[in-house]
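Okay, structure first, notes after.
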Amino acid sequence: ALQYLVLTSEVEEVEIFKICLEYWNILSAELYREVPYQQIAPSYLRTGNSNNVPTRRQFYSVILSKVRRIMISRMARPEEVLVVENERGEVVREFMKDTDAINLYKNMRETLVYLTHLDYVDTESIMTEKLANQVNNTEWSWKNLNTLCWAIGSISGAMVEDDEKRFLVTVIKELLGLCEQKRGKDNKAIIASNIMYVVGQYPRFLRAHWKFLKTVVNKLFEFMHETHEGVQDMACDTFIKIAQKCRRHFVTVQLGESQAFVDEILTNINGIICHLEPHQVHTFYEAVGNMIAASVDNVQQTKLIEKYMQLPNDVWNTIISEAKKSVDCLKDPEVVSNILNILKTNIRASKALGAPYVHQLTKIYEDILHIYKVTSENINQAIRMNGPMVVKQRLIKSMIAVKEDTLMLIGSYFSKASNIQQVLDQFLTPLYTFVLADYRDCHPEARESEVLNMLAILINKVEDRITPRIPEIFDLTFEHTLHMIDKNFED
Numbered sequence: 033a034l035q036y037l038v039l040t041s042e043v044e045e046v047e048i049f050k051i052c053l054e055y056w057n058i059l060s061a062e063l064y065r066e067v068p069y070q071q072i073a074p075s076y077l078r079t080g081n082s083n084n085v086p087t088r089r090q091f092y093s094v095i096l097s098k099v100r101r102i103m104i105s106r107m108a109r110p111e112e113v114l115v116v117e118n119e120r121g122e123v124v125r126e127f128m129k130d131t132d133a134i135n136l137y138k139n140m141r142e143t144l145v146y147l148t149h150l151d152y153v154d155t156e157s158i159m160t161e162k163l164a165n166q167v168n169n170t171e172w173s174w175k176n177l178n179t180l181c182w183a184i185g186s187i188s189g190a191m192v193e194d195d196e197k198r199f200l201v202t203v204i205k206e207l208l209g210l211c212e213q214k215r216g217k218d219n220k221a222i223i224a225s226n227i228m229y230v231v232g233q234y235p236r237f238l239r240a241h242w243k244f245l246k247t248v249v250n251k252l253f254e255f256m257h258e259t260h261e262g263v264q265d266m267a268c269d270t271f272i273k274i275a276q277k278c279r280r281h282f283v284t285v286q287l288g289e290s291q292a293f294v295d296e297i298l299t300n301i302n303g304i305i306c307h308l309e310p311h312q313v314h315t316f317y318e319a320v321g322n323m324i325a326a327s328v329d330n331v332q333q334t335k336l337i338e339k340y341m342q343l344p345n346d347v348w349n350t351i352i353s354e355a356k357k358s359v360d361c362l363k364d365p366e367v368v369s370n371i372l373n374i375l376k377t378n379i380r381a382s383k384a385l386g387a388p389y390v391h392q393l394t395k396i397y398e399d400i401l402h403i404y405k406v407t408s409e410n411i412n413q414a415i416r417m418n419g420p421m422v423v424k425q426r427l428i429k430s431m432i433a434v435k436e437d438t439l440m441l442i443g444s445y446f447s448k449a450s451n452i453q454q455v456l457d458q459f460l461t462p463l464y465t466f467v468l469a470d471y472r473d474c475h476p477e478a479r480e481s482e483v484l485n486m487l488a489i490l491i492n493k494v495e496d497r498i499t500p501r502i503p504e505i506f507d508l509t510f511e512h513t514l515h516m517i518d519k520n521f522e523d
């Protein structure tokens, strides 16, 4: 009966496979839970006696080996992978995250993890064999490589650390060799996406092997220059995942190194991000911010933050210098776009750094509030001249986004601020002058609801210490918000 079920599991029909998968999941989970922590000798150490293997596991061992092959060869696509082969056989970036595929992946991953616990040597043997067949071309195809690498990534943590190390070194070396061996951008894009996925799934290994971690990150930096659709996105997404899980390693001077790796990254940051799109640069900045946040030396951390924000600050200072000569430059679409990108970079930096972001915010706080005020005046002027429908024009939308992102940045810092007195003394009065007064005075179509979110964050953070200023907040916000709700409750 189980042999028939194995054959049925090979049928290329998803709904049938899901039913079979449910059974294999139940069976493998039951067998694992019978003796969950018993150390079973690897297959190459077992004698004919096999008394140390539970009887039921022995009974199912041949069947389960076949099931492992099926799981590995049919592994569903995980959520993290953005570079895929479409129906036309083209390599493209996946924009929609397929919920059915993700659920199938989670169920298959759980089943394969149980199967790996039951016999990790067999799992490793099958995966190594299939990888060798990719390299020697006997089983080479995008689909086969994808499913194999998704399966390899899915069993992270299921092996003991030494075995995981040996296995992963083999896998990465083979994949890097395959990337060098294959010709054509499409082939390289598929292999690159699989390398990035696999390394991102094994943070325990990366934390334990600094040289390998550094090599992997430098390889990600190479992929950030690869213009094939989706590869740069995956490189940035993998980089931030590694930065979050291995952050302390980047701010520590490792054995044989003359400086912390984060210093090297910051020195070369312009060359690393020069081919990235703005949204990818924002992800990169959040990743590096996570590293800097792990620094325990406050003086060193402050220096790192200054170096980290130097590029966006240089562009920012240029904009401010031009604006001081003539505020009309803030109506230029390119300038507005640059301001938006700088604000988004700062939002991601604030999110990653937390309270230490105050070192950056104090430098730009007054200037961003002045730009907020001028931008709001420009929006109001456009509405007066052209009517409320002007807010649907692209430039005005971008100006509104500048206001919104300014408020999100301030709110992001408030939510993580550790020095409440500094918030009250240094940030509150300018906020009332520029932001809350603008909320009261501006046209209803230009009134930014993010002001209310930012105030909620502020009040939750400082609690009763803001009580004396609550009447002022009410005067500046309550009545005008009430009129807007009264006239248009839905929006």
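Going left to right, the sequence shown walks through residues 33 to 523 as our numbering numbers them. For each residue, glycine too, the CB sits at the ideal point set by N, CA and C. Only a predicted model underlies this, so the values are computations on that prediction, with no experimental measurement involved.
Residue i and residue j closer than 8 Å at C-beta
{"i": "Glu193", "j": "Arg236", "result": "yes"}
{"i": "Ile489", "j": "Gly419", "result": "no"}
{"i": "Arg106", "j": "Leu147", "result": "no"}
{"i": "Pro344", "j": "Ile374", "result": "yes"}
{"i": "Asn412", "j": "Ala478", "result": "yes"}
{"i": "Gln233", "j": "Cys268", "result": "no"}
{"i": "Val248", "j": "Val263", "result": "no"}
{"i": "Phe293", "j": "Lys357", "result": "no"}
{"i": "Tyr464", "j": "Thr377", "result": "no"}
{"i": "Lys424", "j": "Thr407", "result": "no"}
{"i": "Val467", "j": "Thr509", "result": "no"}
{"i": "Leu63", "j": "Leu144", "result": "no"}
{"i": "Lys405", "j": "Asp470", "result": "yes"}
{"i": "Leu287", "j": "Phe271", "result": "no"}
{"i": "Ile452", "j": "Arg497", "result": "yes"}
Residue i - containing alpha helix (DSSP H), residue span
{"i": "Val249", "result": "Trp242 to Phe255"}
{"i": "Gly209", "result": "Glu193 to Gln213"}
{"i": "Lys356", "result": "Gln342 to Lys357"}
{"i": "Tyr317", "result": "Pro310 to Ala325"}
{"i": "Pro110", "result": "Segment: none, Pro110 is in no alpha helix (DSSP H) and carries neither H nor E."}
{"i": "Lys273", "result": "Val263 to Lys277"}
{"i": "Ile222", "result": "Lys217 to Gly232"}
{"i": "Asn178", "result": "Trp174 to Ser186"}
{"i": "Leu150", "result": "Thr131 to Leu150"}
{"i": "Glu398", "result": "Val390 to Asn418"}
{"i": "Leu456", "result": "Per DSSP, Leu456 belongs to no alpha helix (DSSP H) and is neither H nor E."}
Rounded C-alpha distance that separates residue i from residue j
{"i": "Asp295", "j": "Thr284", "result": "10 Å"}
{"i": "Gly80", "j": "Glu289", "result": "Model confidence at Gly80 stands at a pLDDT of 46, short of 50, so the residue's coordinates are unreliable and nothing is read from them."}
{"i": "Lys138", "j": "Leu487", "result": "40 Å"}
{"i": "Ile432", "j": "Pro365", "result": "13 Å"}
{"i": "Arg279", "j": "Leu59", "result": "39 Å"}
{"i": "Glu47", "j": "Asn176", "result": "21 Å"}
{"i": "Glu66", "j": "Ala133", "result": "30 Å"}
{"i": "Leu298", "j": "Trp242", "result": "19 Å"}
{"i": "Asp195", "j": "Glu156", "result": "9 Å"}
{"i": "Ser75", "j": "Thr160", "result": "Confidence at Ser75 is low in this model, with a pLDDT of 44, below 50, so the placement of that residue is unreliable and no value is reported for it."}
{"i": "Thr350", "j": "Leu427", "result": "21 Å"}
{"i": "Lys277", "j": "Asn178", "result": "24 Å"}
{"i": "Met256", "j": "Asn322", "result": "19 Å"}
{"i": "Ile505", "j": "Cys474", "result": "16 Å"}
{"i": "Ala326", "j": "Phe282", "result": "9 Å"}
{"i": "Thr259", "j": "Phe91", "result": "52 Å"}
{"i": "Thr202", "j": "Gly209", "result": "11 Å"}
{"i": "Phe49", "j": "Glu309", "result": "40 Å"}
{"i": "Ile72", "j": "Ile51", "result": "In this prediction, Ile72 scores a pLDDT of 46, lower than 50, which makes its location untrustworthy; the coordinate-derived value is nonetheless stated afterwards. If you take the alpha carbons of Ile72 and Ile51, they lie about 30 Å apart."}
Rounded Cβ spacing between residue i and residue j (contact assumed at less than 8 Å)
{"i": "Cys211", "j": "Ile187", "result": "With 8 Å as the limit, Cys211 and Ile187 do not qualify as a contact, their Cβ atoms being about 22 Å apart."}
{"i": "His391", "j": "Ile337", "result": "5 Å"}
{"i": "Leu441", "j": "Ser369", "result": "17 Å between Cβ atoms; not a contact."}
{"i": "Tyr200", "j": "Ile223", "result": "The question names Tyr, but residue 200 is Leu in the sequence shown. Wrong, their Cβ atoms sit about 16 Å apart, outside the cutoff."}
{"i": "Leu372", "j": "Asp437", "result": "6 Å"}
{"i": "Leu362", "j": "Pro462", "result": "Rounded, the Cβ-Cβ distance is 19 Å, inconsistent with contact."}
{"i": "Glu41", "j": "Ile102", "result": "Position check: residue 41 holds Ser in this sequence, whereas Glu was assumed. Correct: roughly 5 Å between the Cβ atoms."}
Option nearest residue i by Cα separation, candidates the options
{"i": "Leu37", "options": "Ala190, Tyr55, Thr270 and Asn485", "result": "Tyr55"}
{"i": "Lys395", "options": "Tyr471, Asp496, Ser447 and Trp348", "result": "Trp348"}
{"i": "Asn300", "options": "Lys339, Lys335 and Lys217", "result": "Lys339"}
{"i": "Lys493", "options": "Leu180, Ala449 and Ala326", "result": "Ala449"}
{"i": "Glu511", "options": "Lys429, Asp437, Pro476 and Ile452", "result": "Pro476"}
{"i": "Gly185", "options": "Ile95, Ile104 and Ile491", "result": "Ile104"}
{"i": "Leu163", "options": "Cys181, Asp154 and Phe271", "result": "Cys181"}
{"i": "Asp329", "options": "His515, Pro388, Asn410 and Ala384", "result": "Pro388"}
{"i": "Thr513", "options": "Glu495, Thr499, Glu480 and Pro500", "result": "Glu480"}
{"i": "Phe446", "options": "Met417, Glu409, Arg416 and Tyr397", "result": "Tyr397"}
{"i": "Asn219", "options": "Leu252, Ala183 and Asn169", "result": "Asn169"}
{"i": "Met341", "options": "Glu309, Leu393 and His307", "result": "Leu393"}
{"i": "Leu385", "options": "Ala275, Gln291 and Met417", "result": "Ala275"}
Distance cut-off 7 Å: residue i Cβ against heavy atoms of the ligand MG
{"i": "Phe49", "result": "Looking for the ligand MG in the displayed structure turns up nothing, as the structure carries no ligands at all."}
Cutoff 8 Å: residue i Cβ touching any chain C Cβ
{"i": "Phe282", "result": "This model lacks chain C altogether, as it is built from one protein chain only."}
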